[in-house]
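>
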Amino acid sequence: MKYKTGLCSISFRGLNAQELVRLVKQAGLDAIEWGSDVHVPFGEGAVAREVRKVTEDAGLEVSSYGSYWKVVDEKGAAVPFEPVLESAKALGTDTIRVWAGHQPSDGLSSQERATLVAHLRQATEMAAAEDVRLGLEFHANTLSDSNGATQALLREVEHPNLYTYWQPIYWLTDPEYRLRGLRELADRVLNLHVFQWMFRPGAGSWGESTDRRPLEEGAKEWEQYLKVPLGGDFQRYALMEFVRNDDPDQFLKDASVLKDWVR
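Mapped onto the working numbering, the consecutive letters of the sequence shown carry residue numbers 5 to 267.
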């Protein structure tokens, strides 16, 4: 299995779409995952179509739509999925990244969890009707915040069109735990988020507790991750997400490292 390479647009929120496309083209990557937070907001079809055109005109692919759709709002009410799906279709991608709520996997009541699962299943079915896959964000404060929690959620939704993204969970630093989780989830992993962070427990907020490092420092772990065989007959992407100091020059160096690993 060979990955294509790309960048999540959220890594450079301060760049407009044209600037980001030029940077990714310069780096020699294959694709961009466009995020809904800045570059392609939900339901703005004209924006999505223009971003798609700029991307494809540069010879790049839209790997996926990195949405911040979280199934329910902070009060537990369902958030409409239709605008998210419309934006993905306008971007010309068959993959949407979604978030399984706002709370950790052990933080919901059984009724709250059942409601979220039902809404997520409904969205998964809507996407399947349009030949679009959904991939869970593998992240803290969601129902997919660990290896076991993600497996449990996939079983609960029980839909062949729901997958998960994978990244080395930064606050669970044991390399063996990370690698074991990737192997256990291998048949349901869509894309990888690629970065190298050091974690400082108790240092404060997410940004304060993570030290973004040059990607090359993670060679030993990442070369193992990229060798794990994944199931399913579709293209997968290794997508860079954030770089040290949000520095474009560091991104270009990291992109060169990633391309060497994938080769």
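Note that CB positions come from ideal geometry on N, CA and C, so glycine has one too.
None of the values given here were measured: they were computed from a predicted structure.
1. CA-CA distance, Q171 and F142?
2. So, is F246 buried or exposed, given that buried needs 16 or more other C-beta atoms within 10 angstroms?
3. Mind checking whether D149 and S114 have CB atoms under 8 Å apart?
4. Tell me, to the nearest whole angstrom, how far the beta carbon of D41 is from that of Y72; I am working on the premise that it is less than 8 Å.
5. To test your reading of the DSSP string, which unbroken beta strand (DSSP E) runs of 3 or more residues are found completely within the region 38-110?
6. Looking at the structure shown, is W226 part of a helix, part of a strand, or coil, going by DSSP?
7. State the Cα-Cα distance for the pair L24 and F16, rounded to the nearest angstrom.
8. Only counting runs of 4 or more residues, tell me where the alpha helix (DSSP H) segments fall wholly within the region 131-218, in order along the chain.
9. Please go through the same chain and pick out, in chain order, the residues whose beta-carbon is closer than 7 Å to the beta-carbon of Q28, but skip the five residues on each side of it.
10. How would you write the range of the beta strand (DSSP E) that K8 sits in, first residue to last?
11. Under three-state DSSP, which class holds L262?
12. What does the alpha-carbon distance come out to for the pair S67 and G139?
13. Have a look at A207 and A52 and give me their C-alpha separation to the nearest angstrom.
14. When burial is assigned at 16 or more other CB atoms within 10 Å of the CB, is F46 buried or exposed?
15. Of all the options I173, L166 and A131, which has the alpha carbon lying nearest to the alpha carbon of N145?
16. Would you identify the three-state DSSP class for L256, choosing helix, strand or coil?
17. Sort out for me which residues DSSP pairs A122 with in a bridge.
18. Would T168 and R137 be called neighbours here (beta carbons separated by less than 8 Å)?
19. Measuring straight from C-alpha to C-alpha, what distance separates S13 and V44?
20. Tell me, which residues are paired with L243 by DSSP?
21. May I ask you to list the residues that DSSP assigns as paired with A35?
A quick look at the data gives this:
1. 7 Å
2. buried
3. no
4. 5 Å
5. 65-70 and 99-102
6. helix
7. 7 Å
8. 151-161, 179-188 and 210-213
9. The sequence shown places Val at residue 28, not Gln. For V28, where only same-chain residues beyond five positions count, the Cβ hits under 7 Å are L11, I36 and L64.
10. K8 to C12
11. helix
12. 12 Å
13. Here A207 scores only 48 on pLDDT, less than 50, and its place in the model is too uncertain to base an answer on.
14. buried
15. I173
16. helix
17. Partner(s): none; A122 has no beta bridge.
18. no
19. 10 Å
20. G10 and H197
21. G10 and E65
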